[in-house]
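In our numbering, the protein residues as written are 8 to 482. Some notes on the structure that comes next.
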């Protein structure tokens, strides 16, 4: 029987598997949309008469919009109630999905994806905030595993559904699928999810929102155009410089400001920094991999979108299996040991994707993808849990917003970096279009980047995050 706790208004709310499962089911829309789209990009490029590499704008702009609007999500949830904002974000996500489905060209599609990103910016961190405030820390790893299981169905079924749609039907149905999911999600959230809100809400930090928005936009657009010859090199350098200056100004603005939209003091907490900053190097690879795999299997190896989807589906299936085993593994070995060992396994698996050849047996490709997905899931369950191990309730909202913003930023950097690397290798090989030979080396570079995370994981104390996984109760 589920435990019962009190929300901010004093009412009883059900805690256990129900709330995490409902929040995760709502996030299913977002994850499925991303994975379906990644597998469908080559076919969509043909339909829209665009270069496949240009279609990564539809992913990058979604992540950019999410990153820009993420800082305000925690404040809005505190001000108006997390439940209300969660419902509004699901409705907006469904409406913008319909707009994507009706788009006639790349410009219209990108604009609709920007609005999708705005909705996603509210949906993910607000849902996580509800979970953080209704679950004791000792049960949070298990609750997050439950929450992410429905969300992982997106990567499981997304590539197969996306491949089937663009192979046997019209790519526009990729976006129309979100509408019934949103309707079901709104009903479940209305019925079961509590409206968690703060008693006192800080004044909104408009200066901070402007500075973080400009900073993130500059950096993401800079990475999007790095080495692509789409903008003059001086303009690209200006984007990086402007973005960095804006974030530096925000850092100065936020020091000693109790109402800053992002609480930078959380980075003084080692477990949070290791999770968010150290984990960023892993999330760069996570953001790049679906996009790169779709191009490798379809353009490089000549597989149909449906065939490619069936092969990449196994990676997410491995991730889904890991969700049931992550809590006992963390209780047995602790966060530090799991993160250090797993970082090596995950980094090697990313580089192994670069060894795939058109002649590689499909069963071997699927085995490597399954192993990578299995351990990658353990890694991100560990990162997401440890991030909040030493965060008090008063700072939980802004810590959740900060972590979500960083995740969106590094994933968009991953996609932009992957596109830039593939373009560089393509030019270096003297080719005028993408081939397997210009895609495979990018996997190796991306895989090597993940090892930087070890500099953050190795210094962690052996007892880091023990309150989150129940190890103290076992001692």
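Note that CB positions come from ideal geometry on N, CA and C, so glycine has one too.
Expected contact under 8 Å - CB spacing of residue i and residue j to nearest Å
| i | j | result |
| --- | --- | --- |
| residue 63 | residue 298 | 6 Å |
| residue 218 | residue 253 | 5 Å |
| residue 304 | residue 318 | 6 Å |
| residue 309 | residue 442 | That belief does not hold up - the Cβ atoms of residue 309 and residue 442 are roughly 11 Å apart, past 8 Å. |
| residue 288 | residue 460 | 4 Å |
| residue 345 | residue 282 | Their Cβ separation, rounded to whole angstroms, is 12 Å, which puts residue 345 and residue 282 out of contact at 8 Å. |
| residue 439 | residue 227 | No, residue 439 and residue 227 are not in contact; Cβ-Cβ is about 27 Å, not under 8 Å. |
Extent of the continuous alpha helix (DSSP H) to which residue i belongs
| i | result |
| --- | --- |
| residue 297 | 287-302 |
| residue 101 | 89-108 |
| residue 187 | 185-199 |
| residue 279 | 277-280 |
| residue 402 | Here residue 402 belongs to no alpha helix (DSSP H), and DSSP marks it neither H nor E. |
| residue 240 | 240-261 |
| residue 55 | First-last for residue 55: undefined, no H or E at that position. |
| residue 461 | 461-464 |
Under the three-state DSSP convention, the category residue i falls into
| i | result |
| --- | --- |
| residue 209 | coil |
| residue 123 | helix |
| residue 334 | helix |
| residue 84 | helix |
| residue 64 | helix |
| residue 135 | helix |
| residue 395 | coil |
| residue 268 | coil |
| residue 370 | helix |
| residue 73 | helix |
| residue 425 | helix |
| residue 179 | coil |
| residue 440 | coil |
| residue 344 | helix |
| residue 232 | helix |
| residue 309 | coil |
| residue 364 | coil |
| residue 174 | helix |
| residue 471 | coil |
| residue 112 | coil |
- request: Kindly confirm or deny that the segment 446-462 and the segment 360-367 touch, where touching means at least three C-beta pairs closer than 8 Å.
  value: yes
task: Would you be able to state if there are at least three C-beta pairs under 8 Å between the segment 75-84 and the segment 116-130?
output: yes
- request: Report yes or no: do three or more beta-carbon pairs, one from the segment 209-225 and one from the segment 250-269, lie closer than 8 Å?
  value: yes
message: For the structure I just gave you, are there three or more beta carbon pairs, one from the segment 91-109 and one from the segment 180-192, closer than 8 Å?
response: yes
query: Would you call the segment 94-103 and the segment 47-63 in contact, with 3 or more CB pairs under 8 Å?
result: no
query: Any chance the segment 461-469 sits against the segment 273-282, with 3 or more Cβ pairs inside 8 Å?
result: yes
Inter-stretch contact (C-beta, 8 Å, three-pair minimum) for the segment 25-33 and the segment 193-202: Touching, yes.
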